[in-house]
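Quick notes on the structure that follows.
In my numbering, the protein residues as written are 352 to 707.
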């Protein structure tokens, strides 16, 4: 990946997104080396207050990071948690009793008014509030009791890439801190991330195969499900291809009927329980004659129409999403370039989306 960013002209389409994708190994290493002690401190202070359950608040890419945190909190900690509907507070004025509830708000910019307003309302209702952002000076950080900086550095491309993986790692380390863990499973990530990004030629071949796709379906289960949602978002906002994401279980409850042998189905197959739960879905997809693309397990890639095998053998399942999204970010980039569009500047989008 790094080779593709050197020598690029300043006006070359996708130059910024490409460069920011290439920064991800360094960002992951920065979080592990510099951010981990602060994250652990915040986690210890919150753990001492023993929140009874957790609510997660976010929009867009950060919403997919929040969904990942939901899996972590429920699986690793056994802590009940949910994703909030901000309009209940901002539009309807609801004021639930949030005494001893941990409210985690995830936002790249920390600037959206509804995130700030809902966090203020949560704190007034008795919640422990934590902001996870890429901007320590943001309004969201200012109104929250606690803050974690994901240390991704300025992100200029409209599609979020490095801030997403930074949010995932920060949230993983935070959950590890809540249970007194050391986060050792994450130490392999920077080197493995670099290995994946160096395989851009493989992704470019996939992009050539699917550049004319009129629709894509993405599916996974467990920790891989947020990856499917984030990959679908990246494809839609850069290449404008309609991309539908489903839990593998939900796919079987109706949407499977739309699967044919024309539109590709991208399956994220995590090594672990999530991948095991997805295998019956893969069999049904093969039975439908689907053009099946597998990201993940090498064994499943061999049985698919196409795919990208990830170096995840021996890697803890809960950190694999930080690696899974990388080839899918590259796929969104390469498909967009192949279609003659600029992934740095998707139409009708702004870097900070100010919803209310």
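Think of the CB as a built atom: it goes at the ideal place given N, C-alpha and C, for glycine as much as any other residue.
So, helix, strand or coil for residue 697, using DSSP?
-> The residue given as residue 697 occupies position 346 in the chain shown. The answer is coil: DSSP assigns residue 697 none of H, G, I, E or B.
So the alpha helix (DSSP H) residue 689 belongs to, where does it begin and stop?
-> Start at 1 with the first residue of the chain shown, and residue 689 comes out as number 338. First-last of the alpha helix (DSSP H) with residue 689: 672-689.
Where residue 515 falls, given that 16 or more other Cβ within 10 Å makes a residue buried | Walking along the chain shown from the start, residue 515 turns up at place 164. Residue 515 comes out buried.
Around the Cβ of residue 419, are there at least 16 other Cβ atoms within 10 angstroms (buried) or fewer (exposed)?
-> Reading the chain shown from its first residue, position 68 is the one you call residue 419. Residue 419 comes out buried.
Which whole-angstrom value is the C-beta distance of residue 557 and residue 657, which I expect to be below 8 Å?
-> If you number the chain shown from 1, residue 557 lands on position 206. If you number the chain shown from 1, residue 657 lands on position 306. Right, the Cβ-Cβ distance comes to about 6 Å (below 8 Å), so this counts as a contact.
Chain-order list of residues whose beta-carbon lies under 8 Å from that of residue 597 (same chain, five-residue window excluded) = Within the chain shown, numbered from 1, the residue matching residue 597 stands at position 246. 568, 569, 570, 579 and 606.
Between residue 510 and residue 581, is the Cβ-Cβ spacing less than 7 Å?
-> Residue mapping note: residue 510 aligns to position 159 of the chain shown, counting from 1. Residue mapping note: residue 581 aligns to position 230 of the chain shown, counting from 1. Cβ atoms of residue 510 and residue 581: not closer than 7 Å.
Nearest to residue 532 by CA position, among 681, 663 and 423, is which residue?
-> For this step, residue 532 is matched to residue 181 along the chain shown. It is 423 whose Cα lies nearest to the Cα of residue 532.
Please go through the region 567-609 and give each complete beta strand (DSSP E) segment of 3 or more residues, from N-terminal end onward.
-> 567-571 and 594-598
Just checking, does the region 490-504 make contact with the region 648-655 on the three C-beta pairs under 8 Å criterion?
-> No, the region 490-504 is not in contact with the region 648-655.
Which residue from 628, 591 and 566 puts its Cα closest to that of residue 611?
-> For the purposes of this step, residue 611 is taken as the residue at position 260 of the chain shown. The candidate whose alpha carbon is nearest that of residue 611 is 566.
Taking the beta strand (DSSP E) that residue 458 falls in, what are its first and last residues?
-> Counted from its first residue, the chain shown places residue 458 at position 107. Residues 452-458.
Pick from 619, 564 and 553: whose alpha carbon is nearest that of residue 577?
-> As a working mapping, residue 577 is identified with position 226 in the chain shown. Looking at the Cα atoms, 619 is the closest of the given residues.
Of the listed residues 633, 548 and 521, nearest to residue 572 (C-alpha basis) | On the chain shown, residue 572 is found 221 positions in, with the first residue counted as 1. Relative to residue 572, the option among 633, 548 and 521 whose CA is nearest is 633.
Residue closest to residue 378, alpha-carbon to alpha-carbon, out of 395, 545 and 397 | Taking the chain shown and counting its residues from 1, one reaches residue 378 at position 27. The shortest Cα separation from residue 378 among 395, 545 and 397 belongs to 545.
Just tell me which of 470, 615 and 674 has its CA closest to the CA of residue 563.
-> Here residue 563 is taken as the residue at index 212 of the chain shown, counted from 1. Per the Cα distances, 615.
Does the Cβ of residue 401 have 16 or more other Cβ atoms within 10 Å, making it buried, or fewer, making it exposed?
-> Position 50 of the chain shown, counting from 1, holds the residue named residue 401. Residue 401 should be labelled exposed.
Whole-angstrom C-beta distance between residue 387 and residue 524, which should lie under 8 Å = The residue labelled residue 524 in the question sits at position 173 within the chain shown. The residue labelled residue 387 in the question sits at position 36 within the chain shown. With a Cβ gap of about 6 Å, residue 524 and residue 387 count as contacting.
At what residues does the beta strand (DSSP E) containing residue 370 begin and finish?
-> Here residue 370 is taken as the residue at index 19 of the chain shown, counted from 1. Careful: residue 370 lies outside any beta strand (DSSP E), inside the alpha helix (DSSP H) at 366-373.
Hey, is the region 680-690 in contact with the region 367-375, meaning 3+ C-beta pairs nearer than 8 Å?
-> yes
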